[in-house]
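In this note's numbering, the protein residues as written are 62 to 377.
Glycine included, each C-beta is placed from N, C-alpha and C at the ideal position.
Here the structure is laid out as structure tokens; the discussion comes afterwards.
And the structure:
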């Protein structure tokens, strides 16, 4: 029976019931214990370990996307949930991975759900990205995927970090900064609604800065991992109109060392048991065959290729 090495830095593990006869015991790297990645991974383990015959999942809490790719490369994880833009940076050796050789030890399995680029402000005069010029803007933690998303959105509008006063802060601190008037706007890249913004909207009027179709198209032409997205009116209190923006995608990846059969069974079980997955976490409502292969710029695992081709979808 195959036994993989547990990540030494894991903060917590979800030891969901496993099939005692499973041949592949796979470690799934997620994110912090209070985050969506960890919750989604936990539901996958809880539901799918009761369904799969030859595969079982153990979920580990990690530092999310970049850390997860490194865990797979170090053979401390077999599967991981990551942002599709971050995995592209790793595969191509660019942006936050520019000082490293390209990572070729992982492959795509499925895009799970959107992580929406939300530009939040409490200043009703800030209506477009261009209006951010000269403003104090939180762009996420230093070196984070959010920071690179912010750079790319500003770039599409002819702006750089030199045109704003940059603040590096996480979502909670950004919301506090908006509430206290210390910053003018904040980039939040996460599934909408995002808890920090929901909480902010209970005490302050919030506004969503929209991206227009022309600039979205220019971003997609340069960065294939972005998808056009609409944040429905009513997502946040007081925001009644739809807002157009872009999303990156939370994506399941696998080590290239994981067997073709294991990934094929995992994907088959995910789609066959989607209703139960949805009962465990609403993000699985976004899982579709077409969406699972949209926005992917890293080659698919052989097991995924086999699964999708049987569904009439050609991937590489």
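Checklist entry - How many whole angstroms separate the CB atoms of residue 349 and residue 270, which I take to be in contact at a CB cut-off of 8 Å? => result Contact flag wrong, Cβ pair sits at about 28 Å.
Item to check | Secondary structure of residue 108, DSSP reduced to three states | outcome: If DSSP states are grouped into helix, strand and coil, residue 108 belongs with the helices.
Checklist entry - According to the neighbour-count rule (16 or more other Cβ atoms, all chains shown, within 10 Å of its Cβ), is residue 185 buried or exposed? => result The C-beta of residue 185 has fewer than 16 other C-beta atoms within 10 Å across all chains shown, which makes the residue exposed.
Item to check | residue 341 to residue 196 span [Cα, whole Å] | outcome: Roughly 41 Å between the two C-alpha positions.
Item to check | Length-filtered (4 minimum) alpha helix (DSSP H) runs lying within the stretch 124 to 197 | outcome: The qualifying runs are 126 to 134, 145 to 153.
Checklist entry - Roughly how many whole angstroms lie between the Cα atoms of residue 286 and residue 127? => result When rounded, the distance between both Cα atoms is 16 Å.
Checklist entry - Could you give the uninterrupted runs of the beta strand (DSSP E) lying entirely in the stretch 201 to 240, keeping only those of 3 residues or more? => result Counting whole runs of 3 or more residues, the stretch 201 to 240 contains the beta strand (DSSP E) stretches 226 to 228.
Checklist entry - Just how far apart, CA to CA, sit residue 321 and residue 351? => result Those two C-alpha atoms are separated by around 21 Å.
Next on the checklist: Could you tell me the alpha carbon to alpha carbon distance between residue 200 and residue 254, rounded to whole angstroms?
Outcome noted: Taking the straight line joining both Cα atoms gives about 18 Å.
Item to check | Reference residue 347; option with closest CA among 272, 280, 101, 122 | outcome: Residue 101 is the option with its Cα nearest to residue 347.
Next on the checklist: Between which two residues does the beta strand (DSSP E) holding residue 292 run?
Outcome noted: For residue 292, the uninterrupted beta strand (DSSP E) segment begins and ends at 288 to 292.
Checklist entry - Of all the options 296, 362, 91, 272, which has the alpha carbon lying nearest to the alpha carbon of residue 216? => result With distances taken between CA atoms, residue 216 lies nearest to 272 out of 296, 362, 91, 272.
Next on the checklist: In the DSSP output, which residue or residues are listed as bridge partners for residue 314?
Outcome noted: Bridge partners of residue 314: 141, 169.
Checklist entry - Where does residue 122 sit, in a helix, a strand or coil, going by DSSP? => result In the structure shown, residue 122 sits in coil (DSSP, three-state: anything other than H, G, I, E or B).
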